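For the sequence shown, position 3 matches number 3 in full-length UniProt numbering, and the numbering has no gaps at all.
Think of the CB as a built atom: it goes at the ideal place given N, C-alpha and C, for glycine as much as any other residue.
The structure presented is a predicted model; accordingly, all values stated were derived computationally and were not measured.
This report refers to the structure that appears directly beneath it.
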Amino acid sequence: MATRGKSARGRKRKPDADLEAAAVEEKKEKLEDEEDEGKGQRLRVLLNPQKPRRNSFEITLVEEGNEIVLWTGIKKGPPRKLKFPEPSEVVSALTEALKSG
1 MATRGKSARG RKRKPDADLE AAAVEEKKEK LEDEEDEGKG QRLRVLLNPQ
51 KPRRNSFEIT LVEEGNEIVL WTGIKKGPPR KLKFPEPSEV VSALTEALKS
101 G
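So this is what it looks like as structure tokens:
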């Protein structure tokens, strides 16, 4: 195989300053939006206060001594993937429980 000379090598392109500045501004706006979203009510999350059940997943909302089961996979499955919730299901159940409670 023939070797190429140094002149045949590719050169790196430098990004335009305008494109780089626009990307930085876009990132700043995105960070500001994320900060605004995070200024809601905070929930304290306890992970497994007791020994968890095997091969299953449960989410419970405890509010002033009342326990509300948001999602349980104990009676679901097989297959195993049915025992674990989709995040959207959990969020909708949580918002509904907080509105009613």
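Within the same chain, show all residues whose beta-carbon is closer than 8 Å to that of residue i, passing over the 5 residues directly before and after it, in chain order.
| i | result |
| --- | --- |
| residue 80 | 55 |
| residue 71 | 57, 58, 59, 85, 89, 90 and 93 |
Does DSSP classify residue i as helix, strand or coil?
| i | result |
| --- | --- |
| residue 86 | coil |
| residue 98 | helix |
| residue 76 | coil |
| residue 51 | coil |
I need the boundaries of the beta strand (DSSP E) containing residue i, first residue and last residue.
| i | result |
| --- | --- |
| residue 63 | 58 to 63 |
| residue 68 | 66 to 72 |
Give every residue of the same chain whose Cβ lies closer than 6 Å to the Cβ of residue i, excluding the five residues on either side of it in the sequence, and list them in chain order.
| i | result |
| --- | --- |
| residue 68 | 61 and 97 |
Does the segment 44 to 60 come close enough to the segment 72 to 90 that 3 or more CB-CB pairs lie under 8 Å? yes
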